[in-house]
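For the sequence shown, the residue numbers in the numbering used here are 23 to 237.
Just so it is clear, CB atoms sit at the ideal spot from N, CA and C, and this is done for glycine as well.
Because the structure is a prediction, the values reported are computed rather than measured.
First comes the structure, then the notes that go with it.
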Amino acid sequence: MYGIPACYPHTAHRKYLPRRSCCHRGIFHSQEVIDCINGKLKATWSPEQIARVPCELQTPGWRTICRWSCEKHLINGSLKVLRRKGKSHEAKETRGKYSKGKSIRKRDKSVYSRQEAGHREADTAVSGQGKSKACFAALAERKTRFYIAVKIPGRKAETMENAIVAALSAFPCAAGQDHYLRPGCGVRQLAPYGRTVALRGLLYRPVLRLAERQH
């Protein structure tokens, strides 16, 4: 039988580190080149002009200059000296995103750290095939991870509001707590129903702010 050399994880990782360090190109050529690029950027030169104008120094390409600027290796990380302030020429994709309103990731620190009970996230779960309009109204409590799923006939705002009220009416601690809606579960039409929820003893302040901004 031929001897099969053994391969150990620690030896493979030790060989991987120097090999990986040689894969990418170096970040900077020299400090003289960096100072030259910074001076021209402060003089409102574009990266294309810096790369294509003849110079006694060997300057990188304009794509490399743009990448170094975005990675904050040049001009102290400030993109205001660029022609378009670092913005791309192409229009960005906005489908499936809400450009206005408060993001769910910008919630309060007590809610984000899961240190206070009573804060819930509302969302809808639909069929992946899309053959049925029926779905589940899901409520997840942040601290205890207690999950409530209520079957509803559709994703309309009124149906979602009734399901939330029915599910949270059994919890006395739900009054005065913050409840956050994920995008896509009738949040645009929830503002008039959110006031009804507040009158019933459930306070939906973040939901109201998000709905009124997007309405």
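Looking at residue j and residue i, is the spacing between their C-beta atoms short of 8 Å?
i, j, result
"Gly108", "Ser132", "no"
"Lys128", "Ile97", "no"
"Pro175", "Lys153", "no"
"Phe193", "Val172", "no"
"Arg105", "Arg136", "no"
"Gly61", "Ala73", "no"
"Ala162", "Arg142", "yes"
"Thr81", "Ile59", "yes"
"Ile186", "Ala144", "yes"
"Ala179", "Tyr169", "no"
"Cys88", "Pro69", "yes"
"Leu79", "Glu115", "no"
"Thr66", "Val103", "yes"
Mind checking which residues open and close the beta strand (DSSP E) that includes residue i?
i, result
"Glu93", "Unbroken run through Glu93: none, as it is neither H nor E."
Can you name the residues that DSSP bridges to residue i?
i, result
"Phe158", "Ala147, Lys173"
"Glu115", "Paired residue(s): none; Glu115 is not in a bridge."
"Glu163", "Arg142"
Which two residues bound the contiguous alpha helix (DSSP H) that contains residue i?
i, result
"Arg106", "Segment: none, Arg106 is in no alpha helix (DSSP H) and carries neither H nor E."
"Ala188", "179 to 190"
"Lys131", "131 to 134"
Strictly under 8 Å for the Cβ-Cβ distance: is residue i near chain C by that measure?
i, result
"His32", "No chain C is part of this structure, which consists of one protein chain only."
At which residue ranges does the segment 31 to 84 contain complete alpha helix (DSSP H) runs of 4 or more residues, listed in the order of the chain? 31 to 43, 53 to 64, 69 to 74
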